[in-house]
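Encoded as structure tokens, the structure appears first; notes follow it.
Protein chains: 2
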Amino acid sequence: MKNEVRKFQQFIQKHNLLWSSEREIITEQVFDNHFHFTADDLFIQLSKRDKKISRATVYRTLDLLEKSGLVSKIQLQHGKHIYEHIFGHKHHDHLICQKCGKMIEFHCEDIEEWQKKISSENNFKMTGHSLKIYGICADCMKKKSKNKPK
Amino acid sequence: MKNEVRKFQQFIQKHNLLWSSEREIITEQVFDNHFHFTADDLFIQLSKRDKKISRATVYRTLDLLEKSGLVSKIQLQHGKHIYEHIFGHKHHDHLICQKCGKMIEFHCEDIEEWQKKISSENNFKMTGHSLKIYGICADCMKKKSKNKPK
DNA sequence: ATCCCTGCAAATCGTTTGCAAGAGC
DNA sequence: GCTCTTGCAAACGATTTGCAGGGAT
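Residue numbers (this note's numbering), protein chains in the order written: chain B, 34 to 183; chain C, 34 to 183.
This is the structure we're talking about:
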């Protein structure tokens with residue numbers, strides 16, 4: 034069993050929940066194939082396997098994975114979400130291309146510091162943040178509007 | 034007619050659209066009463082007036098207001114949006130309280146600069162950005178969890 | 001005449017939920 | 001037995017859309 038899958042199993046057990054084959058398969062799939070993915074991406078991937086797992090279970094498991102801290106949920110426009118798993122690597126933010134939907138990750142320690150500063154100036158106990166920079170990626174700039182916006 | 038309403042009227046006319054009483058009333062309401070508001074907030078406010086305006090028209094007009102640059106649309110969790118109008122004051126970002134939903138505005142020129150730097154490092158043509166810091170505001174920290182999260 | 005605008009109701013779409021059946025302890 | 005988990009289908013909720021009637025030019 035993959036290390037990350039084991040971690041999730043431990044999380045499940047610590048919370049007195051049950052470790053099911055569905056949860057194992059979903060978690061495997063999350064850590065096997067994807068980096069950024071939607072719940073539906075995942076559902077489609079899973080539906081190619083022999084064991085059938087419902088959308089509801091996919092959503093419910095992603096919820097747990099998020100609570101466990103192994104997966105983070107990023108909200109996009111129009112109420113859509115994408116997920117990404119965490120390998121213990123640093124928090125990062127995203128550049129999002131409005132043409133092709135590509136996401137580029139970055140991390141900027143200075144911005145993080147400024148955020149902390151602003152929070153404390155406002156007596157605000159920061160629990161998290163979301164920074165998204167929208168624009169057009171280098172590839173799409175070259176291609177000059179061949180792709181439709183997502 | 035309010036200055037902002039007039040600006041929107043000019044925008045409408047510049048685009049060969051028609052200036053209707055609905056558009057005037059909605060725009061007035063936007064600039065009269067609200068700072069942060071949802072489409073539904075606005076609809077409810079409007080429904081207290083004598084002239085009845087449908088939700089569809091509210092949404093369609095908010096769309097136009099956003100395109101005109103007089104109103105900006107901010108996405109929250111769960112596919113919800115809030116709007117805020119612009120008085121020509123500087124772009125700002127938000128601290129969002131997870132207890133009471135309060136939003137505190139801030140502007141940090143240094144963060145803006147870093148964003149530009151990161152974009153250009155990635156050959157990314159930035160068109161906009163969204164920075165939200167989540168946490169607990171000072172009031173709610175005092176009240177210690179009396180309010181339910183929104 | 002030809003657009004544009006509106007209201008209505010239905011559709012959309014990702015996500016959530018109620019419920020009954022099944023599985024694990 | 002009691003709880004947890006699942007699949008199904010229906011519900012959700014903010015937003016969008018198709019359509020027909022009415023207005024402005």
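All C-beta atoms in this analysis are idealised placements derived from N, C-alpha and C, irrespective of residue type, glycine included.
Model, not experiment: these values are computed from the prediction.
C-beta neighbour in chain C for residue i, strict 8 Å
i, result
"residue 171 of chain B", "yes"
"residue 128 of chain B", "yes"
"residue 167 of chain B", "yes"
For residue i, three-class secondary structure by DSSP
i, result
"residue 125 of chain C", "coil"
"residue 105 of chain C", "strand"
"residue 140 of chain C", "coil"
"residue 80 of chain C", "helix"
"residue 174 of chain C", "helix"
"residue 85 of chain C", "coil"
"residue 134 of chain C", "coil"
"residue 164 of chain C", "strand"
"residue 40 of chain C", "helix"
"residue 115 of chain C", "strand"
"residue 158 of chain B", "strand"
"residue 169 of chain C", "strand"
"residue 68 of chain C", "coil"
"residue 75 of chain B", "helix"
"residue 181 of chain C", "In this prediction, residue 181 of chain C scores a pLDDT of 30, lower than 50, which makes its location untrustworthy; no coordinate-derived value is stated."
"residue 152 of chain B", "helix"
"residue 147 of chain B", "helix"
Residue-chain proximity (residue i, chain B), Cβ-Cβ < 8 Å
i, result
"residue 136 of chain C", "no"
"residue 102 of chain C", "no"
"residue 160 of chain C", "yes"
Rounded separation between residue i and residue j - CA only
i, j, result
"residue 73 of chain B", "residue 144 of chain B", "32 Å"
"residue 157 of chain B", "residue 124 of chain C", "21 Å"
"residue 82 of chain C", "residue 138 of chain B", "48 Å"
"residue 173 of chain B", "residue 173 of chain C", "45 Å"
"residue 61 of chain B", "residue 86 of chain C", "51 Å"
"residue 132 of chain B", "residue 162 of chain C", "15 Å"
"residue 115 of chain B", "residue 54 of chain B", "24 Å"
"residue 63 of chain B", "residue 91 of chain B", "10 Å"
"residue 35 of chain B", "residue 135 of chain C", "42 Å"
"residue 177 of chain B", "residue 160 of chain C", "Its pLDDT being 49, under 50, residue 177 of chain B is placed unreliably in this model, and the coordinates cannot settle the point."
"residue 75 of chain B", "residue 166 of chain B", "25 Å"
"residue 52 of chain B", "residue 106 of chain B", "22 Å"
"residue 69 of chain C", "residue 48 of chain B", "39 Å"
"residue 88 of chain C", "residue 175 of chain B", "41 Å"
"residue 45 of chain C", "residue 168 of chain B", "26 Å"
"residue 148 of chain C", "residue 130 of chain C", "24 Å"
"residue 155 of chain B", "residue 164 of chain C", "16 Å"
"residue 39 of chain C", "residue 50 of chain C", "14 Å"
"residue 66 of chain B", "residue 77 of chain B", "12 Å"
Residues that residue i contacts on chain C, provided the C-beta gap is smaller than 8 Å
i, result
"residue 141 of chain B", "147, 151"
Where residue i meets chain B, residues with beta-carbon distance less than 9 Å
i, result
"residue 157 of chain C", "128, 130, 137, 166, 168, 169, 170, 171, 174"
Beta-carbon neighbours of residue i, restricted to chain B and to distances below 8 Å
i, result
"residue 62 of chain C", "Result: empty, since nearest Cβ-Cβ is about 25 Å, beyond 8 Å."
Which listed residue (the options) has its alpha carbon closest to that of residue i
i, options, result
"residue 101 of chain B", "B:70, B:118, B:54", "B:118"
"residue 208 of chain B", "B:126, B:148, B:150, B:151", "For chain B, the structure presents residues 34 to 183; residue 208 of chain B sits outside this window and is missing."
"residue 103 of chain C", "C:142, C:42, C:135, C:154", "C:42"
"residue 128 of chain C", "B:153, B:39, B:70, B:170", "B:153"
"residue 37 of chain C", "C:69, C:136, C:142, C:98", "C:98"
"residue 109 of chain B", "B:148, B:71, B:56", "B:71"
"residue 57 of chain B", "B:80, B:94, B:77", "B:94"
9 Å Cβ cut-off: residues of chain C touching residue i
i, result
"residue 163 of chain B", "163, 164, 165, 166, 167"
"residue 111 of chain B", "108, 112"
Under 7 Å from the C-beta of residue i: neighbouring residues of chain B
i, result
"residue 144 of chain C", "144, 147"
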